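*Asks:*
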Amino acid sequence: MAGDLFRRNRPFHLLDGFYTEWSEHLTKRCIPLFRDSPPSAVTNGAVFNDLISYYDTIDHYANRDTIFYFLFPSWHVNSLETSILFLGDVHPHLFISLIQSLRDPNRNHLRLAPWRGLAFPVNHFVDDVKNDVNKSVSRLLSEVREAQEGYIQGFSDNWVSWFHSQRGRQSVTVMETAASVTLGEEFVRIFREANQLRKNTIFNIVNLSDENQAALFLEGVCEFLAGFRHQLAHVPAQFFLNQVSPHYPLAYQQMMQQQPEGLHDICVWNIDLNVTRDMLRETFRRYPSVREVQIVNDTGRSQKHG
0 MAGDLFRRNR
10 PFHLLDGFYT
20 EWSEHLTKRC
30 IPLFRDSPPS
40 AVTNGAVFND
50 LISYYDTIDH
60 YANRDTIFYF
70 LFPSWHVNSL
80 ETSILFLGDV
90 HPHLFISLIQ
100 SLRDPNRNHL
110 RLAPWRGLAF
120 PVNHFVDDVK
130 NDVNKSVSRL
140 LSEVREAQEG
150 YIQGFSDNWV
160 SWFHSQRGRQ
170 SVTVMETAAS
180 VTLGEEFVRI
190 FREANQLRKN
200 TIFNIVNLSD
210 ENQAALFLEG
220 VCEFLAGFRH
230 QLAHVPAQFF
240 LNQVSPHYPL
250 AYQQMMQQQP
260 EGLHDICVWN
270 IDLNVTRDML
280 RETFRRYPSV
290 REVQIVNDTG
300 RSQKHG
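Below, the structure written as structure tokens:
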């Protein structure tokens, strides 16, 4: 159904393109399936498999060099989205809230889908899933806090050791790098566990729902995920008939048109005297927007900056 969308050979600087392709796939392939045909196990299974493949794909690309791109994604431009995101993607509580809203007998479900006679029985399975999610979210947040505290303490200890030594700037740079690698690997693990939690939550809800319920739930999940992607400014508005904020893509497009294009300088101070332009460029090569690298010697202070 998804073609080569979930291929595993993209360079890092093309990951924004992956989010664009995923958004277009959701709006042009997945969502229309629910609106143009009655609920079926085949449709539900195909969309469910695509959702799982999406999380598996970002797991594949997450490593210590890319993890902060996934934790702080570039498509996240609306501050109101912050509370709905959790470790790089939608909070698993969103899936729980969605199914609770769908099973609310006081809501008119005909506005959400063209199917009549759809009934959501009041049952307790959502409460069980919610309890499992709450426990996992609490544990992951605790692990994130411990990782940050450990890094901060290690960084402080390294700085004090350097300050009282004669080894110079090169030694503290090595120690900072080692601490950053450790922190990055820990965040990769936590990020992947958060994605596993999202997958498990979707699976549990779909597995405990009938075909009609699962179809409405999966349709809502697809719309939520598609609505977060700012690259969808060019997608026709009819794809967002049921969105919480249907004007968001247009609003983003207008905002981007108001942003002036320009170049910006990033200064890197106290570079080791042995660092060359090529070494500095290699350090920042993960950012494809870098156009030029310069290094300046401050002979009066025996320092370099770039």
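Quick note on numbering: numbering that gives the first Met the number 0 labels position 264 of the sequence shown as 263, and the sequence is numbered without any gaps.
Built from N, CA and C at the ideal position, the CB exists for glycine as well.
Model, not experiment: these values are computed from the prediction.
(1) Based on the DSSP output, what are the partners of Asp126 in its beta bridges?
(2) Using 8 angstroms for Cβ pairs, my map puts Glu210 next to Ala61. What's the rounded Cβ distance?
(3) Helix, strand or coil: which one does DSSP assign to Asp277?
(4) If you reduce the DSSP assignment to three classes, tell me which class Phe186 lands in.
(5) Any contact between the region 14-21 and the region 189-207? By contact I mean 3 or more CB pairs, one from each, below 8 angstroms.
(6) If you measure between the beta carbons of Ser96 and Leu196, is that distance less than 7 angstroms?
(7) Check Leu240 in the structure and name its three-state DSSP category.
(8) Is it true that the CB of Val46 sits closer than 7 angstroms to the CB of Leu217?
(9) In this structure, how does DSSP classify Phe85 when only helix, strand and coil are distinguished?
(10) Within 10 Å of its beta-carbon, does Leu13 have 16 or more other beta-carbons around it, so buried, or fewer, so exposed?
(11) Just to confirm, is the Cβ distance from Ile66 to Phe186 under 7 angstroms?
(12) Would DSSP call Ala214 helix, strand or coil?
(13) Would you kindly work out how many angstroms separate the C-alpha atoms of His123 and Leu101, rounded to a whole number?
*Replies:* Answer, in terms of the structure:
(1) As a position in the sequence shown, residue 126 is number 127, starting the count at 1. According to DSSP, Asp126 bridges with nothing at all.
(2) Position 211 of the sequence shown, counted from the first residue, corresponds to residue 210. Position 62 of the sequence shown, counted from the first residue, corresponds to residue 61. Not really, about 33 angstroms apart at Cβ, beyond 8 angstroms.
(3) The residue given as residue 277 occupies position 278 in the sequence shown. Three-state DSSP puts Asp277 in a helix.
(4) Taking the first residue of the sequence shown as position 1, residue 186 is located at position 187. DSSP places Phe186 in helix when its eight states are reduced to three.
(5) In short, these stretches do not touch, since the Cβ pair count stays below three.
(6) The residue given as residue 96 occupies position 97 in the sequence shown. The residue given as residue 196 occupies position 197 in the sequence shown. Cβ distance not < 7 angstroms, so Ser96 and Leu196 don't count as in contact.
(7) As a working note, residue 240 is residue 241 in the sequence shown. Confidence at Leu240 is low in this model, with a pLDDT of 41, below 50, so its placement is unreliable and no value can be given for it.
(8) Residue mapping note: residue 217 aligns to position 218 of the sequence shown, counting from 1. Residue mapping note: residue 46 aligns to position 47 of the sequence shown, counting from 1. In contact: Leu217 and Val46 (Cβ atoms closer than 7 angstroms).
(9) Sequence index remark: in the sequence shown, residue 85 carries index 86 (1-based). Here Phe85 sits in strand by DSSP.
(10) Stepping through the sequence shown from its first residue, residue 13 is reached at position 14. With fewer than 16 Cβ atoms within 10 Å of its Cβ, Leu13 is classed as exposed.
(11) For the purposes of this step, residue 66 is taken as the residue at position 67 of the sequence shown. For the purposes of this step, residue 186 is taken as the residue at position 187 of the sequence shown. Going by C-beta atoms, Ile66 is nearer than 7 angstroms to Phe186.
(12) Along the sequence shown, read from residue 1 onward, the residue named residue 214 stands at position 215. Residue state, collapsed to three classes: helix.
(13) One-based indexing of the sequence shown puts residue 123 at position 124. One-based indexing of the sequence shown puts residue 101 at position 102. The alpha-carbon separation between His123 and Leu101 amounts to approximately 14 angstroms.
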